[in-house]
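Colleague: Before we start, here is the structure in question, set down as structure tokens.
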Amino acid sequence: MQVPASFDYQRAQSVDEALELLRRHGEEARVVAGGHSLLPMMKLRLAGPELLVDINELHELDYIEVVGDELRVGALTRHRALLESELVGRHFPIVHDAEKVIADPPVRNRGTIGGSLCQADPSEDLSAVCGALHARTVIRGAAGERIVPMADFHRGPYETAVGVGEMLVEVRIPVRPGAGSAYEKVERKAGDWAVAAAGVALTLREGRIADAGVGLAAVGAGALELPAVQDLLDGREPSEALYEEAGRLASEHCSPVTDSRGSAEYKRHLAGELTRRALRRAVARAGAAVEREA
Amino acid sequence: MTTVDEPSAPPEEQPGAPSAAPPGEQPGERTGERSDERPIGFGRMKRKEDPRFVRGKGRYVDDVKLPGMLHGAVLRSPFAHARIVSVDTSAAEAHPKVKAVITGETLAGLGLAWMPTLSMDTQAVLATDKARFQGQEVAFVVAEDHYAARDAIELIDVEYEPLDPVVDARHALDPDAPVIRDDLEGRTDNHIFEWEAGDKAATDEVFARADVVVEQTMLYPRVHPAPLETCGCVASMDPVDGKLTLYATTQAPHAHRTLYALVAGLPEHKIRVVAPDIGGGFGNKVGIYPGYVCAIVGSIVTGRPVKWMEDRSENLMSTSFARDYHMTGEIAATRDGRILGVRVKVLADHGAFNSTAQPTKYPAGFFHIFTGSYDIEAAHCEVTGVYTNKAPGGVAYACSFRVTEAVYLIERMVDCLAAELGADPAELRMRNLLRPEQFPYENKTGWTYDSGDYPACLRKALDLAGYEELRKEQSEKRARGQLMGIGLSFFTETVGAGPRKHMDILGLGMADGCELRVHPTGKAVVRLSVQTQGQGHETTFAQIVAEELGIPPEDIDVVHGDTDQTPFGLGTYGSRSTPVSGAAAAVVARKVRDKARIIAGAMLEVSPDDLEWTKGRWSVKGDPAMTTTIQEIALAAHGALELPEGVEGHLEATTVYNPPNLTYPFGAYVCVVDVDPGTGVVKVRRFVAVDDCGTRINPMIIEGQVHGGLADGVGMALMEIIGFDEDGNCLSGSFMDYLLPTALEVPAWELDHTVTPSPHHPIGAKGIGESATVGSPPAVVNAVLDAIGVRHADMPLTPGRVWQALNQGGVEAPQ
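Respectively, the protein sequence lines represent chains B and F.
Here the first sequence is numbered in the working numbering, starting from 1 and rising by one per residue.
Here the second sequence is numbered in the working numbering, starting from 295 and rising by one per residue.
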């Protein structure tokens, strides 16, 4: 049995208490919610925090709601809740696409959206989804809240914009008419981290693509949003030729490395192939949304 | 709380009481559903052991908690090859909860720093001079709890001087390769053994006159049995009576006891090895690991019981792996598809210590059954074994002593030949399969196949799969750019080791004992030397005795896994339990039946010669009313009945079964896959398996074994590999990196069977445990390669590697 080194543990009763604990203990404190990334790292002794701040009782961070033209998701919202949310599925089928292939039910029962984003693993699925959706993150600290777009949230592998004494508390995703989105992932077996994955979100306005977002997972850092592909897509009519070009650009704008999941060359190919596939499905879904909303 | 229903006890007749069955009707032969569910003998029945498992009441080694028990943890080398300059244990010893720190030096003082392996090599228990693979045992800490033991190993300061490692076996014999085993006197290279089988000259002759010769190099990569329960033990040396009790994850309790006695100089009667419930073995739990020895020493040193359980990474990185065979096969044939000969050269990677488990005479196991199921004129193989800086092992993962590698080789070669000839793989196999009238068949490398009807088995599999329609569908799909593949394999297993004059492990003959005692009330206990790890022995062996004696299986207790309670034998691996101990159980039951006949004669006041046996009773020939049941006989044997001369009373017997030959299960498998050309993702759509394991004792257990083995095969073919980087770092030390298939990666299996009983086995059974693991990988690989139109690509066929093969025409196995 793998066991962690000894650590202190506090169960926060309020967000303010959690923030105070995080402030007081600085770098040595870590937030634990689902624990499905942090605890294995502690057991392998790759992480050795002195204090775990358990936020599982902060139910005020567990919600999915539409406010104005935004979907707001509390950081403590479990994967399972996202997967089971009809509201999420209606507006953002990409989230359901991704949630179906994130780990397995026991992990989805515990893991949270906040934990997924804050782990900042370049192979993690929801980060690419949030990138494609142009989501914004809400970070709270002693000084109040600040809003950071997803594109700036990850500062590198396993590093985020959340500072010492701060917590991610909410994710906001714009709700738009005529929207379609999709997520495509290749994995070696069910529940595996992605070999590569691509998320696409867009809207259709008078037959043309708008608000395009493309995010890739597991092909190196900095691919959660691909402005080059987004710029290509915006304002264009959907066509196979366009998808082809978008895929080619996606392949170029990533930096995969060879590992036991696959060669860099293969992952680069997947970046293109999966972008094309996700694009096709996102456009089809957007078309359906346009019809439904008409 | 939910309530659990008691197992429904049907109001059957009380054994021992006069039978309620009408005269002439035999127990177990009554019609209706009940006899189907609860056979008195062979047939479908739920496993007797499962109620405790499904209720979470199994008792595994890690569940053993003894008073005063301490906990051990192993410090392992981070380097694949490094000289150990110094080991400073002072900080660990100062830890308040640490009771002992054991190093290689401590063990050297006791003469225990090295131990013999099952292949007559030596293996370091704790490294003294060098670390020879990443994860090798360097020190052992005993502490008051597991957490403290883990903390304390991090306090041990080892100074290493890293050395160049040998990672790729293909360079192990290079003149400038670092010498791994410089501990062995006079050793100047990494060569372990050279071994050959077959007739080289005759093989060269058929190759010289063949129309077609196809050569293919392939690697069966290093894989790991990965039992869900890792290895471990609780060692308890009683300081008063000097008796060592070892609760251990072992597939071979008796062999382990003898080895501990021989190695440690402990008297054998003062050692008790107990294997409680075992959570999977697959060959991983055949050998003796350093952790067991360290726990024993820890218990001797502290005077308290010591538990040691590996974690998952330790299991994957340091315990017995499987395969790692670099094979170059050549197959010779006539233009019209008659296979003439097969030639193989193998480079076998045995890791840092040669600890492979196989009968002594066979350093390459039973690999020389690589002629497979075909009528071949000549065959020859040469196997070279080498050391590398990787974990030791080599025979594991349900491989039947390397029949797995042999079957993979021949079944890939036949497909390569089919591609060369433009022949249909099914027709080519059918053309060359052994014919029923050729049995018993002596193959060209020294095996005597006992029985079989191979063409019937293949025909059945092809019909079940709808082979012709599948080929039609495939060509239609190809025309549309879709990739669908159909893969076949036909395998012959050689299991049930084995005849004593040919087979031993470290000098211990491979015969197994069995004891059967029928209690006065007609219930029975059968004691076995073999060790279930999930195979269902408690049911299968009860059914064998039930079949022979007519006592219901639920009235028969199967005792195993405790050397103080069971007769000697070599344990469970190589699918040997039913072929060897199954035979022993039948033989011992027949001995009891013979004794019962004499007692029945006294009871019925007739000569035993005048009695005839029907299941469960002896009756007077021609007078069925004059009858007595086995239960009545048992009571009489323990009662006041005046026994005939020479009969000592009670109803029991013992036996030792020495198999006259191995048994040869076989099967035909058809796999259908779809491959996504854009991503290389393989979906196994269908898998048809027709197995022949001879007499079928419990079809449900057989099907379960086949299901598991087929999943193994899909795993090995598509995702499993223990990989290393160029520095010898193991890249597969967790289940995130060492992938095991789940229900989501496998199809609904389509099973069927044929039955050709083994002619030399008392009940005609051949064994089934490893058939599917052995037979399925080539079917999956053949299917994928058929889909992508590539002659060969090495396992595992992950999406990336399939894509690469598809786009580059082939792909080498990763190291």
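Each residue gets a CB set at the ideal place from its N, CA and C atoms; glycine is no exception.
Source: prediction; values computed, not measured.
1) Ends of the alpha helix (DSSP H) at R632/F?
2) Measuring only between beta-carbons, confirm whether T1036/F sits less than 8 Å from chain B.
3) With distances taken Cα to Cα, identify the nearest neighbour of T1092/F among A1099/F, N737/F, G1027/F, L1012/F.
4) Using three-state DSSP, classify P861/F as helix, strand or coil.
5) Comparing C-alpha positions only, which one of K1060/F, D630/F, T543/F sits nearest to V587/F?
6) Hey, V1074/F and A755/F are a contact pair by Cβ (cut 8 Å); roughly how many whole angstroms apart?
7) List, from N- to C-terminal side, the beta strand (DSSP E) runs of 3 residues or more that fit wholly inside the region 22-92 of chain B.
8) Consult DSSP for F501/F and reduce its assignment to one of helix, strand or coil.
9) Give me the Cβ distance between L58/B and L71/B, rounded to the nearest whole Å; I'm assuming they're in contact under 8 Å.
10) Could you name the residues of the same chain whose beta carbon sits closer than 6 Å to that of A877/F, not counting the 5 residues immediately before and after it, in chain order?
11) Please name the residues in the region 948-973 of chain F whose beta-carbon is closer than 8 Å to at least one beta-carbon of chain B, in chain order.
12) Distance check for G1063/F and R324/F, CA to CA, integer angstroms please.
13) Using DSSP with H/G/I as helix, E/B as strand and the rest coil, what is Y541/F?
14) Look up Q2/B in the DSSP assignment and say whether it is helix, strand or coil.
15) From the DSSP output, in three-state form, read off E323/F for me.
16) List the endpoints of the continuous beta strand (DSSP E) containing P410/F.
17) Name the residue from P333/F, P749/F, E939/F, V640/F whose alpha carbon lies nearest to the alpha carbon of A463/F.
18) Are T613/F and Y583/F close, meaning C-beta to C-beta below 8 Å?
19) Using CA coordinates, which residue listed in G429/F, E438/F, G559/F is at the minimum distance from G585/F?
20) Can you give me the C-alpha to C-alpha distance between R887/F and V812/F, rounded to a whole angstrom?
21) Under 8 Å by Cβ, that's how I've got Q299/B and V214/B pegged, so tell me the actual separation to the nearest angstrom.
22) Mind pulling the chain B residues with CB within less than 9 Å of H550/F?
23) According to DSSP, simplified to helix, strand and coil, what is V358/F?
24) Taking 6 Å as the limit between beta carbons, can you name the residues of its chain near R277/B, skipping five residues before and five after?
25) Report yes or no: do the region 489-500 of chain F and the region 387-405 of chain F share at least 3 C-beta pairs separated by less than 8 Å?
26) Looking at N648/F: is its Cβ nearer than 8 Å to the Cβ of D415/F?
27) Ordered along the chain, which non-local residues of its own chain (more than five positions away) have a Cβ less than 7 Å from that of V473/F?
28) Give the residues from the region 1084-1098 of chain F that approach chain B closer than 7 Å (Cβ to any Cβ), ordered along the chain.
29) Whose Cβ in chain D lies nearer than 9 Å to the Cβ of R110/B?
30) Could you tell me whether any Cβ in chain F is nearer than 8 Å to the Cβ of L270/B?
31) Could you tell me the alpha carbon to alpha carbon distance between W408/F and I334/F, rounded to whole angstroms?
32) Among K889/F, T922/F, D744/F, which one has its Cα closest to the Cα of L810/F?
33) Measure how close the beta-carbons of Y748/F and S667/F come, nearest whole angstrom, since I'm counting them as under 8 Å.
34) Taking Y266/B as the query, report the chain F residues whose CB atoms sit under 7 Å from its CB, ordered along the chain.
35) Quick one: Cα of V395/F to Cα of W602/F, how far?
36) Check whether the Cβ of G1017/F lies closer than 8 Å to any Cβ atom in chain B.
Modeller: By the coordinates alone:
1) As a position in the second sequence, residue 632/F is number 338, starting the count at 1. Careful: R632/F lies outside any alpha helix (DSSP H) and carries neither H nor E.
2) By 1-based counting over the second sequence, the position of residue 1036/F is 742. Output row for T1036/F: interface = yes.
3) Within the second sequence, the letter at position 798 stands for residue 1092/F. Closest option to T1092/F, Cα to Cα, is L1012/F.
4) Counted from its first residue, the second sequence places residue 861/F at position 567. Of the three classes helix, strand and coil, the one that applies to P861/F here is coil, per DSSP.
5) Along the second sequence, one-based indexing puts residue 587/F at 293. Nearest C-alpha to V587/F: T543/F.
6) As a working mapping, residue 1074/F is identified with position 780 in the second sequence. As a working mapping, residue 755/F is identified with position 461 in the second sequence. Incorrect: roughly 15 Å between the Cβ atoms, too far for contact.
7) 29-32, 51-54, 64-67, 70-74
8) One-based indexing of the second sequence puts residue 501/F at position 207. In the structure shown, F501/F sits in a helix (DSSP, three-state: H, G or I).
9) Taking the first sequence and counting its residues from 1, one reaches residue 58/B at position 58. Taking the first sequence and counting its residues from 1, one reaches residue 71/B at position 71. So it is not a contact: roughly 20 Å between Cβ atoms.
10) Stepping through the second sequence from its first residue, residue 877/F is reached at position 583. For A877/F, where only same-chain residues beyond five positions count, the Cβ hits under 6 Å are Y951, H1055, P1056.
11) G972, T973
12) Translated into the one-based positions of the second sequence, residue 324/F becomes position 30. Translated into the one-based positions of the second sequence, residue 1063/F becomes position 769. Any answer about R324/F is weak, because its pLDDT of 35 lies below 50 and its placement is not dependable; what the coordinates show is given next. Each residue's Cα considered, the two are about 31 Å apart.
13) As a first step, residue 541/F is located in the second sequence; it is residue number 247 there, counting from the start. Residue state, collapsed to three classes: strand.
14) The sequence position of residue 2/B within the first sequence is 2, counting from 1. Three-state result, Q2/B: coil.
15) As a first step, residue 323/F is located in the second sequence; it is residue number 29 there, counting from the start. Interpretation of E323/F is limited by its pLDDT of 35, a score under 50 that renders its predicted location unreliable; the figure taken from the coordinates is listed afterwards. In this structure, E323/F counts as coil in the three-state DSSP scheme.
16) By 1-based counting over the second sequence, the position of residue 410/F is 116. Where P410/F is concerned, the enclosing beta strand (DSSP E) stretches over 408-410.
17) Within the second sequence, numbered from 1, the residue matching residue 463/F stands at position 169. The shortest C-alpha separation from A463/F is found at V640/F.
18) Here the question's residue 613/F lines up with position 319 in the second sequence. Here the question's residue 583/F lines up with position 289 in the second sequence. In this structure, Y583/F lies closer than 8 Å to T613/F by Cβ.
19) Residue mapping note: residue 585/F aligns to position 291 of the second sequence, counting from 1. Measuring from the Cα of G585/F, the nearest candidate turns out to be G429/F.
20) Here residue 887/F corresponds to residue number 593 of the second sequence, with the count starting at 1. Here residue 812/F corresponds to residue number 518 of the second sequence, with the count starting at 1. Near 11 Å, if we compare the C-alpha coordinates of V812/F and R887/F.
21) Summary: the structure shown does not reach residue 299/B, with chain B confined to residues 1 through 294, and so no result is reported for it.
22) Position 256 of the second sequence holds residue 550/F. Within 9 Å Cβ-Cβ: nothing; H550/F doesn't reach chain B, min ~23 Å.
23) Counted from its first residue, the second sequence places residue 358/F at position 64. V358/F: coil per DSSP, three-state reduction.
24) The residue given as residue 277/B occupies position 277 in the first sequence. Answer for R277/B: E184, listed in chain order.
25) no
26) As a first step, residue 648/F must be located in the second sequence, where it is residue number 354. As a first step, residue 415/F must be located in the second sequence, where it is residue number 121. Yes, these two residues count as a Cβ contact at 8 Å.
27) By 1-based counting over the second sequence, the position of residue 473/F is 179. Closer than 7 Å at the Cβ level, and outside the excluded window around V473/F, lie R481, T482, D483, N484.
28) T1092, P1093, G1094, W1097, Q1098
29) Annotation note: the requested chain D is absent from the structure, which comprises protein chains B and F.
30) Taking the first residue of the first sequence as position 1, residue 270/B is located at position 270. For L270/B, the answer is yes, since a Cβ of chain F falls inside 8 Å of its Cβ.
31) For this step, residue 408/F is matched to residue 114 along the second sequence. For this step, residue 334/F is matched to residue 40 along the second sequence. Cα-Cα distance, rounded: 50 Å.
32) Within the second sequence, the letter at position 516 stands for residue 810/F. L810/F has its Cα closest to that of K889/F, out of K889/F, T922/F, D744/F.
33) In the second sequence, counting from the first residue as 1, residue 748/F sits at position 454. In the second sequence, counting from the first residue as 1, residue 667/F sits at position 373. With 8 Å as the limit, Y748/F and S667/F qualify as a contact, their Cβ atoms being about 5 Å apart.
34) The count along the first sequence starts at 1 and reaches residue 266/B at position 266. Result: G1094, W1097, Q1098.
35) Residue numbering aside, residue 395/F sits at position 101 when the second sequence is read from its first letter. Residue numbering aside, residue 602/F sits at position 308 when the second sequence is read from its first letter. Rounded to the nearest angstrom, the two C-alpha atoms are 14 Å apart.
36) Here residue 1017/F corresponds to residue number 723 of the second sequence, with the count starting at 1. Closer than 8 Å to some Cβ of chain B, the Cβ of G1017/F qualifies, so yes.
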